[in-house]
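So, in structure tokens, the structure goes:
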């Protein structure tokens, strides 16, 4: 029989030298964005990927003075699309992190889109995740962004695997996979016509494991729900649905308390935790070495509607 696998010992043997290459590539991309565009913005959801991109931006444009302290200002604001159904821990972290850094934060509220009538919900508890596109495009038009920097990675989902590092969006904010531009030898075509914009993804070539290795190495702060905690959940369709005011139990369902963590964060109506006892980034690195289901496949209800659901949303202007 095979001997029991010691995950901590396995994690300790992971070669992390590739992180230096990934970091260098991401910083190069961020500086290309700042040089090529007039009105960039950095999408900051307080999720782990956006926190990594934020740290990379600090390294690209600020002076490191000590430990995790940086001096200076980013050459672009932070942008968050607030659905109104975000986890409280995420909003609390966002406010604290932005205050610590002293950066400018632009929050696009979906509640404002609902008031204007540009977003219409079928019922009050409908998932707002897919409707973020409207609020995002309204923010792009209002603030005249010509590029938004995001934390999407190609390993997340099939549609994201088709994404270029510099992803062109037409005047309607739409993504057309067959019209994306070649990116040979790290040469990027950033020309746009009036009304068009780009999405730039500095960590496209990273994996979930790379992200957690980097978080552990750089000691990057994250919202507390990324680590083990007790939470009331409902087992539904193979997922652990968190018990919240917008995700109540359905008839016949049982509420239980489980030790969980979130692999990704998003709208409460579609984001689920996984059972875990990982209390820090090193524990999560060890855990990630054994997973066989992508983070979105394991935690996002809206991505289970069909294999093409993400691609359809991206063509409409989604992140």
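Residue numbers (my numbering): 2 to 320.
From the three backbone atoms N, C-alpha and C, an ideal C-beta is built for every residue, glycine too.
Backbone CA spacing between residue i and residue j [nearest angstrom]
i: residue 305; j: residue 72; result: Note on residue 305: pLDDT 48, under 50, position unreliable in the model; the coordinate value appears next. So the alpha carbons of these two residues sit roughly 43 Å apart.
i: residue 77; j: residue 36; result: 12 Å
i: residue 2; j: residue 47; result: Only weak support is given to the placement of residue 2: the predicted model assigns it a pLDDT of 44, under 50, and the question is left unresolved by the model.
i: residue 209; j: residue 143; result: 33 Å
i: residue 220; j: residue 284; result: 13 Å
i: residue 60; j: residue 145; result: 26 Å
i: residue 98; j: residue 224; result: 10 Å
i: residue 327; j: residue 124; result: Lying outside 2 to 320, the shown extent of the chain, residue 327 is not represented and no answer is given.
i: residue 58; j: residue 44; result: 12 Å
i: residue 206; j: residue 54; result: 13 Å
i: residue 1; j: residue 286; result: Because the chain in this structure spans residues 2 to 320, residue 1 falls outside the shown range and cannot be described.
i: residue 156; j: residue 113; result: 33 Å
i: residue 29; j: residue 282; result: 26 Å
Cβ-Cβ distance between residue i and residue j below 9 Å
i: residue 198; j: residue 181; result: no
i: residue 226; j: residue 26; result: no
i: residue 79; j: residue 104; result: yes
i: residue 237; j: residue 254; result: yes
i: residue 86; j: residue 270; result: yes
i: residue 23; j: residue 171; result: no
i: residue 240; j: residue 259; result: no
i: residue 191; j: residue 93; result: no
i: residue 218; j: residue 20; result: yes
i: residue 275; j: residue 257; result: no
i: residue 17; j: residue 290; result: no
i: residue 277; j: residue 294; result: no
i: residue 41; j: residue 188; result: no
Option in the options with minimal Cα separation from residue i
i: residue 101; options: 293, 144, 222 and 247; result: 222
i: residue 126; options: 239, 29, 258 and 247; result: 247
i: residue 81; options: 138, 158 and 70; result: 138
i: residue 115; options: 108, 65 and 133; result: 133
i: residue 176; options: 160, 184, 156 and 191; result: 160
i: residue 117; options: 135, 149, 108 and 130; result: 135
i: residue 194; options: 66, 56 and 173; result: 173
i: residue 128; options: 282, 273 and 178; result: 273
i: residue 131; options: 153, 120 and 149; result: 120
i: residue 88; options: 277, 280, 140 and 245; result: 245
i: residue 152; options: 64, 52, 141 and 230; result: 52
Delimiting residues of the beta strand (DSSP E) encompassing residue i
i: residue 168; result: 167-170
i: residue 262; result: 256-262
i: residue 233; result: 230-237
i: residue 71; result: 70-72
i: residue 243; result: 240-243
i: residue 150; result: 148-150
i: residue 80; result: 79-83
i: residue 198; result: 198-201
i: residue 109; result: 106-110
i: residue 66; result: 64-67
Endpoints, the alpha helix (DSSP H) within which residue i is located
i: residue 120; result: Unbroken run through residue 120: none, as it is neither H nor E.
i: residue 284; result: 282-289
i: residue 210; result: 209-219
i: residue 137; result: 133-144
i: residue 252; result: No alpha helix (DSSP H) holds residue 252; DSSP gives it neither H nor E.
Check: Does the segment 158-172 come within contact of the segment 200-208, defined as at least 3 CB pairs closer than 8 Å?
Finding: yes
Notebook entry, point to check: Do three or more CB pairs link the segment 256-274 to the segment 44-60 at distances below 8 Å?
Noted result: At 8 Å Cβ cutoff, the stretches touch.
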